[in-house]
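> Okay, here's the structure, questions in a sec.
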Amino acid sequence: MRKKCVTQRISKFRGIYFLNVLLIVLVPMLISCRKKLDEQMSPSNVSDDNFKTIFDGFWNGMNRNYVMWDIDTTRWDNIYSIFSPVFSKLQIKNRADRLLAAHYLRQMTRGLRDGHYSLQFNDPVLKDSSIIPADIRLKLRPDYHLSYQSDYFDQIAKRYLDKPYYDADYNTDLQHPLRYKAGTIRQNILYFRLNSFSIFRAFNSENGRMTALLDFVFRSIKDHNTKGVILDLRDNNGGDLQDLNFFAGRFIARPLQYGSSRYKSSNNPFDYTLWMPAIITPMPESQEFKNKIVVLVNMYSISMSELITMALKALPNTTVIGERTYGANGLLTAEADLNGGSFNVGDFAVIKAASAMFKYKDDHVYEGVGFPADIQVPYDESMALIYTDRQLEKAISLFEP
């Protein structure tokens, strides 16, 4: 059957900007059979008029779509034997039973390693019953703290950047309200602060302030007078995958492999593709950036901000400063893209999950763990309240003679 699948039409991929030609050609061939099998067993088609079918749809969806069972400590087969008889006794029209079902589903998944995993419910009764295991894990960290106050980076820019500097806001969509800042420190160190990744769309928008800011950043990266770059990704919640090439590709002159990705190859929970190179491609006319690059991260640096950090860390001249990141490195796309990851259970629940597992070039998987800083500078609440930035100051100190 595998041989027949290889000859079938290559399915279209959307949003996979950081993988090389091998991935684009090979993955559809490996999963094209699985797509046919899914049409009759998709959890989105299950009846949601009773909890037995809801539970079976959810369990089967996770069993076949979740891409991290081989590194996860959750025993999914045991989950079925424990909870299936319990759900069979619940009544869908009983409000208390619906709340109890949500509680059980949270129990089943609270230990999942996938940093992108979330479980949400369409039932208004269950609007406060969602779960994101990575957020639970985050709050258990001994160094846990709240994110920066809303005006923090505005005040930091005023205090540390040369005048004038660039400041621009733009909403590419409801999920990405962009707040970017760029300028120089000591006249020749480029500082670029962004709260979310949607650089490509922002640069190609009609927002003049944003395009001027990004044009300044891109010109500074190519300017031989730029002594170095400080990229501030603290409290950056991720975003658009195409920025991997569009931004990180400006620091290199040749393709850069910074890790590998792996996907589901069948409905069986432990069937995966081979590890395939994750590669950044240079932008046209980009040059090798040979001066120092410093990336500032914290525990709220998530997803794309982690991938960008790892991509730049694959260069010999990059130093990462701050805290261990959030730990959500897997590719997040629609189920239709890779026949894995996110899915719905009828109209009852919405599950978001990674469609791929990523490992860094050092062969470590940082999913659910977070990428470590080279130089750890912990969050200092007392200093943050008076807008004194010890992490940024440490970054600046690396440029001293």
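Numbering (numbering that gives the first Met the number 0), first residue to last: 0 to 400.
The C-beta atom is built at its ideal place from N, Cα and C for all residues, glycine as well.
(1) Do you know how far the Cα of G326 is from the Cα of D361?
(2) Indicate the three-state DSSP secondary structure (helix, strand or coil) for R178 in the structure shown.
(3) In three-state terms, what does DSSP make of K157?
(4) How many Å lie between Y116 and K351 at the Cα?
(5) Could you check whether the Cβ of I220 sits closer than 6 Å to any heavy atom belonging to the ligand SAH?
(6) Under 7 Å, do Y165 and L212 count as touching if we go by C-beta distance?
(7) Quick test of your reading: I395 and I184, contact by CB under 8 Å. State the CB separation rounded to the nearest angstrom.
(8) If we call anything under 7 Å between Cβ atoms a contact, is G248 one with S195?
(9) Looking at the unbroken alpha helix (DSSP H) that takes in I78, where does it start and where does it end?
(10) Starting from the N-terminal side, write out each stretch of the beta strand (DSSP E) that is 3 residues or longer and does not extend beyond the stretch 288-352.
(11) Under DSSP, the beta strand (DSSP E) around R192 begins and ends at which residues?
(12) Suppose you measure from the CA of N121 to the CA of F50; what does that come to, to the nearest Å?
(13) Just the C-alpha distance for R74 and A372, rounded to the nearest angstrom, thanks.
(14) Hey, E305 and N290 are a contact pair by Cβ (cut 8 Å); roughly how many whole angstroms apart?
(15) Please report how far the alpha carbon of W58 lies from the alpha carbon of V124, in whole angstroms.
(16) Give me the residue from A181, N297, F398, A133 with the minimum Cα distance to D153.
(17) Under a Cβ-count criterion, where at least 16 other Cβ atoms within 10 Å of its own Cβ denotes burial, should N44 be classed as buried or exposed?
(18) Mind checking F269: buried by the 16 CB within 10 Å criterion, or exposed?
(19) Within a Cβ cutoff of 6 Å, which residues of the same chain sit near M67, ignoring the five residues on either side of it in sequence?
(20) Can you grab the Cα-Cα spacing for the pair F86 / H102, in whole Å?
(21) Identify, in the order they occur along the chain, each residue of the same chain with its Cβ nearer than 8 Å to the Cβ of R389, setting aside the five sequence neighbours on each side.
Well, looking at it:
(1) Approximately 16 Å, taken between the alpha carbons.
(2) R178 carries a strand assignment under DSSP once its states are collapsed to helix, strand and coil.
(3) Three-state result, K157: helix.
(4) Using only the alpha carbons, I get a separation of about 5 Å.
(5) For the ligand SAH, the structure offers nothing, since it holds no ligand at all.
(6) Note that the C-beta distance between Y165 and L212 is below 7 Å.
(7) Taking a contact as a CB-CB distance under 8 Å, the pair I395 and I184 counts as one, their CB atoms being some 6 Å apart.
(8) In this structure, S195 does not lie closer than 7 Å to G248 by Cβ.
(9) Its alpha helix (DSSP H) spans residues 75-87.
(10) Within the stretch 288-352, the runs of beta strand (DSSP E) at least 3 residues long that lie entirely inside it are, in chain order, 291-296, 317-321, 342-344, 348-351.
(11) Its beta strand (DSSP E) spans residues 188-193.
(12) Taking the straight line joining both Cα atoms gives about 15 Å.
(13) Pairing R74 with A372, the inter-Cα distance amounts to about 32 Å.
(14) Actually they do not touch by this definition, with Cβ atoms about 23 Å apart.
(15) If I take the Cα positions, the gap works out to 22 Å.
(16) Closest option to D153, judged by alpha-carbon separation, among A181, N297, F398, A133: A181.
(17) Counting Cβ neighbours within 10 Å, N44 comes out exposed, since fewer than 16 surround it.
(18) Of the other Cβ atoms in all chains shown, fewer than 16 fall within 10 Å of the Cβ of F269; this residue is therefore exposed.
(19) Contacts found: R112, D113, M356.
(20) One alpha carbon belongs to F86, the other to H102, and they sit about 11 Å apart.
(21) Beyond the five residues adjoining it in sequence on each side, R389 comes within less than 8 Å, by CB distance, of V376, D379, M382 in the same chain, given in chain order.
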